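Shown next, in structure tokens, is the structure this report addresses.
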Ligand code: SF4
């Protein structure tokens, strides 16, 4: 990844990695202007590991921008324009990203922002009235160029000033992809990326993992959401148990552990690692520790097949305790996987993005 943090550009672009965001930049680059793509990152979206590949494959300059804290605080406060089909606050998210991009203009001597939104592509968040709300609330009314649909939209400052030629911008609208594919061929975009997406807030399977956290923790932090993305998730009142499903999960759990967490390992058998986190400093009774050990031991086939009690070690900073447990024994205390249910935000939007 190149270091673009203090270099000069003519424009900054919201860059998701999807085809529309590539084309939106290409239309401006084709006019001889320098564009820096901003790739926003949070526990829910962003692939910083792909940046080098995107830069090399598509001839782009891309900077990762971590918006985790701003995003989570918007999310916890309740997004002003509600949620989409699942947990995705798309309108507020776009306002947040554009606001962040606007703040970065001066640092890069850039004068305008590009986004790959297409008029009418999504039923709600890319309707003309929503596009207008987004540019109004992000305070980018005259400097936001939606280059794929620009000729359907009022001229912006860079068009009026002749920095970019309006007639060379796109006039795409609607849900079809034909125009984008034609443009991709013109710009030799190969391979054509699969549709932008991958936002975990648009998928029930991942979004359900955040529900207990949103309900139980007063002030969840980015690392809490990264933890919710990792391994098997189980909750018992205010106790949160994450169990690795493979070596990668186990390593990730270890790296996310704080000094308030209890780490559980089987002593003599291969198996998952457990991370037990009491929420908001809840005290931890021994029966919870013991039941967490029992649950963890169920996920080690070798421990289960041993037909005897197995040793588990629980560690927290300098403290350590061992438990001798029958794996798979029925527990009186209930550990449950989170189930999907929509939180009670106002529900005004209904789709996901193309930035
Ligand atoms: S789908 Fe896209 S716009 Fe919507 S919340 Fe996720 S990243 Fe933001």
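In the numbering used here, the protein residues as written are 5 to 359. For each residue, glycine too, the CB sits at the ideal point set by N, CA and C. Keep in mind it's a predicted model, so treat the numbers as computed, not measured.
**Prompt:** What is the DSSP secondary structure of residue 350, counted as helix, strand or coil?
**Reply:** Counting from 1 along the chain shown, the entry for residue 350 is found at position 346. Low per-residue confidence applies at residue 350: pLDDT is 47, beneath 50, and the placement is therefore not dependable, though the value from the model is reported in the following sentence. Of the three classes helix, strand and coil, the one that applies to residue 350 here is coil, per DSSP.
| In angstroms, rounded to a whole number, what distance separates the CA positions of residue 156 and residue 123? | Start at 1 with the first residue of the chain shown, and residue 156 comes out as number 152. Start at 1 with the first residue of the chain shown, and residue 123 comes out as number 119. Roughly 8 Å between the two C-alpha positions.
### Task
In the DSSP assignment, find the beta strand (DSSP E) that holds residue 390 and state where it starts and stops.
Because the chain in this structure spans residues 5 to 359, residue 390 falls outside the shown range and cannot be described.
> Tell me the DSSP bridge mates of residue 278?
Replying inline: Position 274 of the chain shown, counted from the start, is the residue given in the question as residue 278. Bridge partners of residue 278: 247 and 268.
- Message: Whole angstroms are fine: how far does the CA of residue 266 sit from the CA of residue 101?
- Response: Position 97 of the chain shown, counted from the first residue, corresponds to residue 101. Position 262 of the chain shown, counted from the first residue, corresponds to residue 266. In a straight line, the C-alpha of residue 101 is about 36 Å away from that of residue 266.
Practice problem: Check each candidate in 68, 34, 28 and 56 and name the one with the smallest Cα separation from residue 43. | Solution: Start at 1 with the first residue of the chain shown, and residue 43 comes out as number 39. Residue 68 is the option with its Cα nearest to residue 43.
Residues bridged to residue 237 by DSSP? Within the chain shown, numbered from 1, the residue matching residue 237 stands at position 233. Its beta-bridge partners are 246.
(Q) Any heavy atom of the ligand SF4 closer than 7 Å to the beta-carbon of residue 98? (A) Numbered from 1 along the chain shown, position 94 holds the residue referred to as residue 98. Yes; taking the cut-off as 7 Å, the Cβ of residue 98 has a heavy atom of the ligand SF4 nearer than that.
Got a sec, what are the start and stop residues for the alpha helix (DSSP H) residue 305 sits in? For this step, residue 305 is matched to residue 301 along the chain shown. Start and end: 305-309.
Q.
Tell me the rounded alpha-carbon separation between residue 347 and residue 271.
A. Taking the first residue of the chain shown as 1, we reach residue 347 at position 343. Taking the first residue of the chain shown as 1, we reach residue 271 at position 267. Taking the straight line from one Cα to the other gives about 40 Å.
Looking only at its chain, what residues have a beta carbon closer than 6 Å to the beta carbon of residue 320, apart from the 5 residues adjacent to it on each side? For the purposes of this step, residue 320 is taken as the residue at position 316 of the chain shown. The answer, listed in chain order, is 266.
Straight-line Cα distance separating residue 40 from residue 286
As a working mapping, residue 286 is identified with position 282 in the chain shown. As a working mapping, residue 40 is identified with position 36 in the chain shown. Roughly 46 Å between the two C-alpha positions.
Item to complete: Return yes when at least one heavy atom of the ligand SF4 lies under 7 Å from the C-beta of residue 297, else no.
Response: Your numbering for residue 297 matches position 293 in the chain shown. Not so, every heavy atom of the ligand SF4 lies at least 7 Å from the Cβ.
- Task: Would you tell me roughly how many angstroms separate the C-alpha atoms of residue 12 and residue 197, rounded to the nearest one?
- Result: Start at 1 with the first residue of the chain shown, and residue 12 comes out as number 8. Start at 1 with the first residue of the chain shown, and residue 197 comes out as number 193. Approximately 28 Å, taken between the alpha carbons.
Euclidean distance between Cα positions of residue 219 and residue 95: Within the chain shown, residue 219 is the residue found at index 215, counting from 1. Within the chain shown, residue 95 is the residue found at index 91, counting from 1. Rounded to the nearest angstrom, the two C-alpha atoms are 23 Å apart.
Which one of 228, 230 and 247 has the shortest CA to CA distance from residue 236?
-> The residue labelled residue 236 in the question sits at position 232 within the chain shown. Out of 228, 230 and 247, 247 has the C-alpha closest to the C-alpha of residue 236.
Open item on the list: Please tell me whether, using a cut-off of 7 Å, the distance from the CB of residue 273 to the nearest non-hydrogen atom of the ligand SF4 is below it.
Closed with: On the chain shown, residue 273 is found 269 positions in, with the first residue counted as 1. No, the Cβ of residue 273 stays beyond 7 Å of every heavy atom of the ligand SF4.
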